[in-house]
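Residue numbers (our numbering): 10 to 419.
Where is the CB? At the ideal position from N, CA and C, for every residue including glycine.
Keep in mind it's a predicted model, so treat the numbers as computed, not measured.
Quick notes on the structure that follows.
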RNA sequence: GGUGAGAUAGUCAAGUGGCCAACGACGGCAGACUGUAAAUCUGCUCCCUAUGGGUUCAGAGGUUCGACUCCUCUUCUCACCA
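Right, dumping it as structure tokens:
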């Protein structure tokens, strides 16, 4: 009997470790993580996992949520998450990946951004097991003396080892002294909070390790394990997801857009998204993969399930289902979408001009090309006459598969 | 501070007096095939009711019948020297 229970627990620990490892780029001190999991599963002892967020980016996209999902996984296995809003450090600006010194943020902007963070993260994290903290709360009291003490733990040569700094130094790009302070402060957060584990992106490695070193320097009796998540690829599957590349799925995207965007990714990329963004377990995903491989599952269905899961997470199950219904209506049954932007135009109006005015063609030149290529439809019927004039009446204009407009010609 | 090289469309990158709205690649858009997938094939990719007109090749001047191409100045980038 006893041995059964012990075997079960060992299995649980292995299972937990597998989920923790899922999708990670690198783990430092995995043994420590295993120990923490063991203590939780055997004795119910909880531990802390820290992750810091710069309150500079109010537009969150799915790339940012990869880390949140990993935190949620930890919460399943006994972690209390220390969710840190870097309100103090934001005044400096994280040097990571930046080719130049960053501008300072206004305090009001920081507060506003932090609020929008909170709104979004609890769609993924368990609020019961999450503590939101502002690092100005313990860094401000540090004072000049404390700050000075912090700087004695490292020297300039060591700082310059860091990639970004080294490059910038070589290139003669300016490095502000305050930027040296940034990693120290982030590391100090770990000292203050006595974190057991810290999560971050791969680009954060230097900063994350700083937490380990400082915990040793300050002799708090533990050194945090570090777990790094990879950068999520964007819709194209090649470049990283980012707003400027316009290959992102924003957490604030409308349900229909979100659903459509997920469905437009390639089948290969779908598995990547499953790995990093789905709440399904590894075993469940394996089943899907086998299903697709032996033909019992259609890849589109599997992708749909993912699209629904993701859409539901941010907009609720109902909105996700109606997004799917809407999608089927437009694309499978070739019907019109239910929401079409409306424009009032003065008639009679030249078709190319009408397309431009309805914002579904950027210029009349482009509109003419679209016409010539058979991409334009009026009331679902293809139109190729470049000279067509629209008389008074109501028309549904369409360019390609996705751009619709309702034109009311007076 | 000195010398040299460079700045061309969303990005990379040809073009060194007219054949240039400017080769090509990537990206993007559209069409075919599909599952709004991938792959593939095709067309398009500055603006303008157009077999034509207008504005473009860092900026400002100049030479010339004619300039992305030559000259002058300015701004910025890179390399070498100090």
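The C-beta of residue 304 has fewer than 16 other C-beta atoms within 10 Å across all chains shown, which makes the residue exposed.
If you look at residue 171, you'll find it isn't in any alpha helix (DSSP H); DSSP assigns it neither H nor E. By the Cβ criterion, the region 134 to 146 is in contact with the region 83 to 97, since at least three pairs of Cβ atoms, one from each stretch, lie closer than 8 Å.
Within the region 196 to 227, complete beta strand (DSSP E) segments of at least 3 residues are found at 206 to 210, given in chain order. Per the Cβ contact rule, the region 319 to 339 is not in contact with the region 388 to 399 (fewer than 3 Cβ pairs under 8 Å). In this structure, residue 250 sits away from residue 76, with a CB-CB distance that is not shorter than 8 Å.
Straight through space, the alpha carbons of residue 270 and residue 332 are spaced by roughly 11 Å.
Below 8 Å, too few C-beta pairs join the region 11 to 25 and the region 224 to 234 to call them touching: fewer than three. DSSP, read as helix, strand or coil, puts residue 396 in coil. With respect to the C-alpha of residue 377, the residue from 417, 172, 401, 408 having the closest C-alpha is 408. For residue 315 against residue 363, the beta-carbon gap comes to about 38 Å, at or over 8 Å, which does not count as contact. DSSP places residue 349 outside any beta strand (DSSP E), giving it a letter other than H or E. Here residue 320 is not near residue 357, since their CB atoms are 8 Å or more apart.
Where residue 281 is concerned, the enclosing alpha helix (DSSP H) starts and stops at 276 to 286. Burial check for residue 120: the Cβ neighbour count within 10 Å stays below 16, so the residue is exposed. Out of 214, 323, 215, the CA that lies nearest to the CA of residue 74 is found in 323. Counting only the Cα atoms, residue 418 lies some 6 Å from residue 355. With 16 or more other Cβ atoms inside 10 Å of its own Cβ, residue 224 counts as buried. The residues 279, 297, 300, 301, in chain order, have a CB closer than 8 Å to that of residue 311 in the same chain once the five nearest residues on each side in sequence are set aside.
Between residue 247 and the set 227, 281, 53, the nearest pair of CA atoms involves 281.
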